[in-house]
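To start, the structure under review is shown below, and the notes come after it.
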Amino acid sequence: MAATAVLASTLVSVPAGPAQALTPCAELEIQAHRGYHFSRTIDQNTVRSFDEAHARGYTIETDVWHDAEGQLWIFHDRDVSKLTNGTGLIDKMTTAQVRALRYDKAGSPLPTFEEAVAAWTKYPTTRVYLEPKQKTAVPKMADQLIAAGLTDNVYFVNYWDYVEANWPAFRTEPKSPTYYEPSHWAGHDALMTPYSSMTTERVDAYHQAGLEVLHTRANTTTVWEHAIRMNYDGIMTDRPDQLKAFCSTLY
Numbered sequence: 345m346a347a348t349a350v351l352a353s354t355l356v357s358v359p360a361g362p363a364q365a366l367t368p369c370a371e372l373e374i375q376a377h378r379g380y381h382f383s384r385t386i387d388q389n390t391v392r393s394f395d396e397a398h399a400r401g402y403t404i405e406t407d408v409w410h411d412a413e414g415q416l417w418i419f420h421d422r423d424v425s426k427l428t429n430g431t432g433l434i435d436k437m438t439t440a441q442v443r444a445l446r447y448d449k450a451g452s453p454l455p456t457f458e459e460a461v462a463a464w465t466k467y468p469t470t471r472v473y474l475e476p477k478q479k480t481a482v483p484k485m486a487d488q489l490i491a492a493g494l495t496d497n498v499y500f501v502n503y504w505d506y507v508e509a510n511w512p513a514f515r516t517e518p519k520s521p522t523y524y525e526p527s528h529w530a531g532h533d534a535l536m537t538p539y540s541s542m543t544t545e546r547v548d549a550y551h552q553a554g555l556e557v558l559h560t561r562a563n564t565t566t567v568w569e570h571a572i573r574m575n576y577d578g579i580m581t582d583r584p585d586q587l588k589a590f591c592s593t594l595y
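In the working numbering, the protein residues as written are 345 to 595.
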């Protein structure tokens, strides 16, 4: 069965209401969570996952740690045993130990931050959402990104106040599970929040304040439909192809 048909069969009806307007599919930002890895041969948070996301027209979300020697790595979990053939905590490991790690799924090595930055310079207008896992990683990240000419397209989604105060050239996207008045987020560019904390009127108010509204990671059609009907600007997902196909079923 075609992917669109499968997704349409799981559609949950959400009344649009007179005040609601669907986000046009062409304008919906699909944020590839940890890059595009919806394949047995593509590991998450790798240069290939970033290249594949870009090639498909998706933006990129990724995570950054530094090891015990200060080397920056693209990786999500502190405990490397969850996703790789190794054991230990990435921030307690040596650079050589991290370099020897391989992902369980497709056997890829972990990319350094420098390798990722080199890839992103090939598509400097594609948005990249960065979640540094340690505040101590931020200065070196910022220096490398500035040196590479990557500022306008990079959004920090952690330590956003620290970034805003010290590196205002970057964009920031705070995460919040609860609602705050738009003025609370003054100085930021976007907000990531679940639809459960929002109403269409709140989304509109955020837009009027110059804030984009993006949804936290979601992989179900129920959440996708709520966000699209509430006029969210984007959605983060592990299933970007399916989200893209699903959006068209709402029109």
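Just so you know, even glycine gets a beta-carbon here, dropped at the ideal spot from N, CA and C.
Since the model is a prediction, treat every value here as computed from it, not as a measurement.
The Cβ-Cβ distance between L558 and Q375 falls below 8 Å. In this structure T456 does not touch D411 by the C-beta definition: roughly 10 Å separates them, more than the 8 Å allowed.
For A440, the enclosing alpha helix (DSSP H) begins and ends at T439 to R443. DSSP links R446 through a beta bridge to P453.
Beta-bridge pairing by DSSP links E373 to G578.
Taken through DSSP and simplified to helix, strand or coil, L474 comes out as strand. For L535, the uninterrupted beta strand (DSSP E) run begins and ends at A534 to M536, by DSSP.
In this structure, L474 lies near Y499, with their beta-carbon atoms less than 8 Å apart.
DSSP places V408 in the strand class (E or B) of the three-state scheme. By the neighbour-count criterion, in which a residue is buried when 16 or more other Cβ atoms sit within 10 angstroms of its Cβ, T480 is exposed. Taking the Cα positions, G432 is about 46 Å away from E545. Here T469 is exposed, its C-beta having fewer than 16 other C-beta atoms within 10 Å. Across the structure, H528 and V424 are spaced so that their CA atoms are roughly 36 Å apart. When the Cα atoms are used, Y506 and D533 turn out to be separated by approximately 15 Å. In the three-state DSSP reduction, T566 falls in the helix class (H, G or I). Taking 8 Å as the upper bound for CB-CB distance, V391 and A463 are in contact here, some 5 Å apart. In this structure P521 is in contact with P538, their Cβ atoms being roughly 6 Å apart against a cut-off of 8 Å. Beta-bridge annotation (DSSP): I418 is paired with V408. Going by DSSP, V498 is part of the beta strand (DSSP E) stretching over V498 to F500. A distance below 8 Å between beta-carbons, with the five flanking residues on each side excluded, links Y503 to the following residues of its chain, in chain order: P476, K479 and V482.
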